[in-house]
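Undergrad:
Residue numbers (my numbering): 9 to 104.
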């Protein structure tokens, strides 16, 4: 299994496939302070990237794997600030 779980960490090892996504969602849901260790990850399916972007867990480790080098900045960056409700026009302000 490419993702190995401990009490507080999810260790991505090798190439992680789409089949891992639901289990990762369950783990991060029940362990909101969990860390994701990426040191031994050589690649991951887009579904796993989406899970990590949605949950924004703390990440640990770096890798030289070409696929991962491009993803690491996205996975470790601070999440964007929530949109202000005042940024959106109301129905009354929008022309018909």
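We put the beta carbon where it would ideally sit given N, CA and C, even for glycine.
With distances taken from CA atoms, which of 71, 45, 61, 22 is nearest residue 33?
TA: In the chain shown, counting from the first residue as 1, residue 33 sits at position 25. That would be 61, whose Cα lies nearest to the Cα of residue 33.
Undergrad: Starting from the Cα of residue 78, find the closest Cα among 66, 65, 52 and give me that residue.
TA: Stepping through the chain shown from its first residue, residue 78 is reached at position 70. Here the closest residue by C-alpha is 52.
Undergrad: Could you tell me the alpha carbon to alpha carbon distance between residue 46 and residue 54, rounded to whole angstroms?
TA: As a working mapping, residue 46 is identified with position 38 in the chain shown. As a working mapping, residue 54 is identified with position 46 in the chain shown. Rounded to the nearest angstrom, the two C-alpha atoms are 15 Å apart.
Undergrad: For the alpha helix (DSSP H) holding residue 62, just list the boundary residues, first then last.
TA: One-based indexing of the chain shown puts residue 62 at position 54. Counting along the chain, the alpha helix (DSSP H) containing residue 62 begins and ends at 54-63.
Undergrad: So residue 22 and residue 50 are in contact, right, with Cβ under 8 Å, and what is the actual spacing, rounded?
TA: Working through the chain shown from its first residue, we reach residue 22 at position 14. Working through the chain shown from its first residue, we reach residue 50 at position 42. Between the beta-carbon of residue 22 and that of residue 50 there is about 6 Å, and that keeps the pair under the 8 Å contact cut.
Undergrad: In whole angstroms, give me the CA-to-CA distance for residue 10 and residue 83.
TA: Stepping through the chain shown from its first residue, residue 10 is reached at position 2. Stepping through the chain shown from its first residue, residue 83 is reached at position 75. Those two C-alpha atoms are separated by around 18 Å.
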